[in-house]
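Participant: The following block contains the structure, expressed as structure tokens.
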Amino acid sequence: MIKYDVLIIGAGIAGLYSAMNLPENKKVLVVCKDIPWECNTFYAQGGMVTALDENDIPLHIEDTMIAGAYHNKKEAVEILSQTSLDTTSDIISRGMEFDTDENGNILYTKEAAHSTGRIVHAGGDATGRYMHYFMMVQNKHKLQRNTLVYDLLIEDGRCYGVKALVNYQHQTIYADDVIIA
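Counting in our numbering, the sequence shown runs from 96 upward without gaps.
Here it is as structure tokens:
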């Protein structure tokens, strides 16, 4: 039986950032269905939107709702906006470098439905690729590719593992906690 403390399904920035925030002494497995850079993050060309400060959060929420034509789940947008300050600061403190001006100040651009410049870039239009590479280097946990998850094991409303094809072989992976990223 294969058992982990935490199983993370997905090796894009959501999965890798989750892994970055788990202690190294935890038995963590990050899985992806193909090779790690075959993910939406790697191909993302736009920048990363972040609230500029606490006062910007309400406008960030409204701009994000407009950008999503109000199809967004407002509670999720509120969480995203409120946590964006800490998340952005955290990845910068770990060494992620965004594009800067000649004085070393991070460049913020105005794009899409955003009413003010709050989008940061890395490598121009290669932000996703830069962030993915950065988080791959930061990841200290096991990453397993060629793992296609096809079923969640759920009991009493709690996921305790998955059924997956690992290199075309059926396998059951158990975990105390499962993150679908």
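Where a beta carbon is used, it is the ideal one built from N, C-alpha and C, also for glycine. All of these numbers come straight from a predicted model, not from anything done at the bench.
Report the three-state DSSP secondary structure of Glu250 (helix, strand or coil).
Facilitator: For Glu250, the three-state secondary structure derived from DSSP is strand.
Participant: Using 8 Å as the cut-off, can you tell me whether the region 250-268 makes contact with the region 164-178, which would need three or more C-beta pairs spanning the two stretches below that distance?
Facilitator: no
Participant: Beta-carbon within less than 6 Å of Phe193's beta-carbon, same chain only, minus the 5 sequence neighbours each way: which residues are those?
Facilitator: Ile201, Val215 and Ala217
Participant: Counting pairs of beta carbons, one from the region 176-190 and one from the region 130-139, are three or more of them closer than 8 Å?
Facilitator: no
Participant: Kindly confirm or deny that the region 144-163 and the region 225-234 touch, where touching means at least three C-beta pairs closer than 8 Å.
Facilitator: Contact fails: fewer than three Cβ-Cβ distances are below 8 Å.
Participant: Nearest CA to the CA of Thr145: which residue from Asp185, Val123, Asn116 and Glu197?
Facilitator: Asp185
Participant: By the DSSP assignment, the beta strand (DSSP E) with His265 in it spans what residues?
Facilitator: Gln264 to Ile275
Participant: Quick check: Leu124 and Lys258, are their CB atoms within less than 8 Å of each other?
Facilitator: Taking 8 Å as the Cβ cut-off, Leu124 and Lys258 do not qualify as a contacting pair.
Participant: With a threshold of 16 other CB atoms inside 10 Å of the CB of Gly223, please say whether the residue is buried or exposed.
Facilitator: Residue environment for Gly223: buried (at least 16 other C-beta atoms within 10 angstroms of its C-beta).
Participant: Tell me which same chain residues have a C-beta within less than 7 Å of the C-beta of Ala114, skipping the five on either side of it?
Facilitator: If we look at Ala114 and ignore the five residues flanking it on each side, its Cβ neighbours are Ile103, Val123, Val125, Asn234 and His236.
Participant: Look up Met143 in the DSSP assignment and give the residues it is bridged to.
Facilitator: Val215
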